[in-house]
Amino acid sequence: MTLDEYLKKNRVRQSCLATLAGCSQSMISLVTTGRSQLSPEKVLRIAEATNFEVTPHELRP
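When we follow the UniProt record's numbering, the leftmost residue of the sequence shown carries the number 1, and every step to the right adds one.
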């Protein structure tokens, strides 16, 4: 599942996910639109914040 699909399916705001993952809302926005690559640490933090519904593999191209 993509990050965008996760947000829509679970009705989660980018800002809420960003808080859980310890990053900015703008970073989440850039990731959902494919305009930013994440460090391995951020990939893991976002995957953990989604309870691995979005896997690290899905967050890295």
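We treat Cβ as the ideally placed atom computed from N, Cα and C, and that holds for glycine.
query, result
"With DSSP collapsed to three states, give me the class of glutamine 37.", "coil"
"Give me the Cβ distance between glutamine 25 and serine 36, rounded to the nearest whole Å; I'm assuming they're in contact under 8 Å.", "Glutamine 25 to serine 36, Cβ: 12 Å. No contact."
"Output needed for threonine 2: all residues of its chain with C-beta closer than 8 Å, excluding positions within five of it in sequence on either side, in chain order.", "Thr32, Val54, Glu58"
"For alanine 49, which residues in the same chain have their Cβ closer than 7 Å to its Cβ, ignoring the five residues on either side in sequence?", "Leu17, Leu20, Ala21"
"Comparing C-alpha positions only, which one of Lys8, Met27, Arg13, Arg60 sits nearest to proline 40?", "Arg60"
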